[in-house]
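Chemist: Under full-length UniProt numbering, the letters of the sequence shown match residues 1 to 147, in that order. Here a beta-carbon is modelled for each residue, glycine too, at the ideal position from N, C-alpha and C.
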Amino acid sequence: MASSSYSNSPCAACKFLRRKCMPDCNFAQYFPPEEPQKFANVHKIFGASNVSKLLNEVQPHQREDAVNSLAYEAEARIKDPVYGCVGAISVLQRQVIRLQKELDATNADLIRYIPNNNTQDGRRIVGEGGEGSSSLNQGFYYPFSLE
Numbered sequence: 001m002a003s004s005s006y007s008n009s010p011c012a013a014c015k016f017l018r019r020k021c022m023p024d025c026n027f028a029q030y031f032p033p034e035e036p037q038k039f040a041n042v043h044k045i046f047g048a049s050n051v052s053k054l055l056n057e058v059q060p061h062q063r064e065d066a067v068n069s070l071a072y073e074a075e076a077r078i079k080d081p082v083y084g085c086v087g088a089i090s091v092l093q094r095q096v097i098r099l100q101k102e103l104d105a106t107n108a109d110l111i112r113y114i115p116n117n118n119t120q121d122g123r124r125i126v127g128e129g130g131e132g133s134s135s136l137n138q139g140f141y142y143p144f145s146l147e
């Protein structure tokens, strides 16, 4: 049921569009009065008419996810008008690559300090061809016993 039916306050969409919020308002359930910026961003990027059409075309059980996706995409597009969500994804992908290289370098440094697979205190390197080696943990140093 629409959130505007619980109070006299119109939903964020109707308030933004300066219209009366009816009990059957398509936006009320997804744009509560407490979140006016959410609708403002979505309206600025996609337009109220397009959002209304999209909500009518999407299955009812998928509407909340659709609105959340639109809100996220709109916020990302406002922060980065050229790349939007893709810009955020690219930044994260570059960060993963950088951290993977840093991890590989650190593991290579650690391996130099260990003379063989088994150390005096029972710790060992996995991935040197012994049991427990796999492509996922090849050459990683574990500061605890894996047995």
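Assign Asn50 to buried or exposed, taking buried as 16 or more other Cβ atoms, counted over all protein chains shown, within 10 Å of its Cβ.
Modeler: Position 50 of the sequence shown, counted from the first residue, corresponds to residue 50. With fewer than 16 neighbouring CB atoms inside 10 Å of its own CB, Asn50 falls in the exposed class.
Chemist: Please work out which residues of its chain come closer than 6 Å, Cβ to Cβ, to Ala13, disregarding the five sequence neighbours upstream and downstream, and give them in chain order.
Modeler: In the sequence shown, residue 13 corresponds to position 13, counting from 1. Here the set comprises Phe27, Phe31, Phe39.
Chemist: By the 10 Å Cβ neighbour count, where 16 or more other Cβ atoms means buried, how is Asn41 classified, buried or exposed?
Modeler: Walking along the sequence shown from the start, residue 41 turns up at place 41. Counting Cβ neighbours within 10 Å, Asn41 comes out buried, since at least 16 surround it.
Chemist: Between Ala66, Ala76, Cys21, which has its C-alpha nearest Gly87's C-alpha?
Modeler: As a working mapping, residue 87 is identified with position 87 in the sequence shown. Of the listed residues, the one whose Cα sits closest to Gly87 is Ala76.
Chemist: Which runs of the alpha helix (DSSP H) spanning at least 4 residues fall entirely within the segment 52-86, listed in chain order?
Modeler: Positions of the alpha helix (DSSP H) runs, each at least 4 residues long and wholly inside the segment 52-86, are given as 63-79 in order along the chain.
Chemist: What is the residue span of the alpha helix (DSSP H) that Gln37 lies within?
Modeler: Residue 37 sits at position 37 when you count from the first residue of the sequence shown. Where Gln37 is concerned, the enclosing alpha helix (DSSP H) stretches over 36-46.
Chemist: CB-CB under 6 Å to Ala62, same chain, minus the five flanking residues each way: which ones, in chain order?
Modeler: For this step, residue 62 is matched to residue 62 along the sequence shown. Residue identity differs from the one stated: residue 62 is Gln in this sequence, not Ala. For Gln62, where only same-chain residues beyond five positions count, there are no Cβ hits under 6 Å.
Chemist: Roughly how many whole angstroms lie between the Cα atoms of Ile97 and Pro115?
Modeler: Residue mapping note: residue 97 aligns to position 97 of the sequence shown, counting from 1. Residue mapping note: residue 115 aligns to position 115 of the sequence shown, counting from 1. Each residue's Cα considered, the two are about 29 Å apart.
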